[in-house]
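Single-structure report; data block below.
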Amino acid sequence: MFLENKPHAVRSRGWIEVICGSMFYGKTEEMLRRLKRAMIARQKVEVFKPSVDTRYDETAVVSHDENIFQSTPVETASQILLMVGDDVEVVGIDEAQFFDNQLINVCNQLADTGIRVIVAGLDMDFQGKPFGPIPGLLSAAEYVDKVHAICVKCGNLAQYSHRTIKNDKLVMLGEKDNYEPLCRSCFLDEMK
Numbered sequence: 033m034f035l036e037n038k039p040h041a042v043r044s045r046g047w048i049e050v051i052c053g054s055m056f057y058g059k060t061e062e063m064l065r066r067l068k069r070a071m072i073a074r075q076k077v078e079v080f081k082p083s084v085d086t087r088y089d090e091t092a093v094v095s096h097d098e099n100i101f102q103s104t105p106v107e108t109a110s111q112i113l114l115m116v117g118d119d120v121e122v123v124g125i126d127e128a129q130f131f132d133n134q135l136i137n138v139c140n141q142l143a144d145t146g147i148r149v150i151v152a153g154l155d156m157d158f159q160g161k162p163f164g165p166i167p168g169l170l171s172a173a174e175y176v177d178k179v180h181a182i183c184v185k186c187g188n189l190a191q192y193s194h195r196t197i198k199n200d201k202l203v204m205l206g207e208k209d210n211y212e213p214l215c216r217s218c219f220l221d222e223m224k
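Using my numbering, you'd call the opening residue of the sequence shown number 33 and step up by one each time.
Structure (structure tokens):
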């Protein structure tokens, strides 16, 4: 469907880059850095985020360091295919963990048409389990960067996003008042 509508868009092959890890490291910041470099190279860039993510702004992608990049909020991953312009060369997708597994197919279709796809998201949920489509994207991606925050308890590298309040909902938007980065050892201590 997407490829049929864009036969002229097939250029050199695209690829998928995934930036994942725990909260509070800078996944979004790194994605925005790469998107800005693409713009410096005069590449046409579009950015998408799940419409559920309204923490900082209804439409813009905003990093914890308050860097802002205009984006298009979408309800489903498949909407991205309908909204990508014909001349787009780079697509950024933030908070990818909030999409369903259809995002894997969407990213593959975009890459197959020659688009560079940069995805940022949490690889594990607050319970330390694989989160949303990120594990599948890690398998499909040509480039993967797993980033680590610093454990707030001991100072080691943190790979877990520990929820500090009682709430069993899988998706709960929050920041430093609701989550903290922890290393494996401190995370296991908290889960006892």
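By construction, the Cβ of each residue, glycine as well, lies at the ideal position given by its N, Cα and C atoms.
In this text the structure is predicted, and so the values were computed from the model without any measurement.
Between E127 and G146, the C-beta spacing is not below 8 Å. Under the three-state reduction of DSSP output, G124 falls in the strand class. Contact check between the stretch 74-82 and the stretch 186-198: fewer than three CB pairs, one atom from each, fall below 8 Å, which does not count as touching. Under DSSP, F80 shares a beta bridge with T104 and I125.
DSSP links L189 through a beta bridge to I182. The residue among V138, Q129, A181 and E78 with its C-alpha nearest the C-alpha of D118 is E78. Spatial neighbours of M63 in its own chain (CB-CB distance under 7 Å, excluding positions within 5 residues in sequence) are listed in chain order as I51, G124, D126, I150 and A152. Taking 8 Å as the cut-off, the beta carbon of L142 is found closer than this to the beta carbon of V116. Per DSSP, V151 is one residue of the beta strand (DSSP E) stretching across R148 to L154. Excluding residues up to 5 positions away in sequence, N133 and I136 lie with their Cβ nearer than 7 Å to the Cβ of G168 in the same chain. Of the residues P105, F56, K81 and V122, the one whose Cα lies closest to the Cα of R69 is V122. C-alpha of N140 to C-alpha of P105: approximately 20 Å in a straight line.
Here D155 is buried, its C-beta having at least 16 other C-beta atoms within 10 Å. Each residue's CA atom was taken as its position, placing Q159 and P213 some 12 Å apart.
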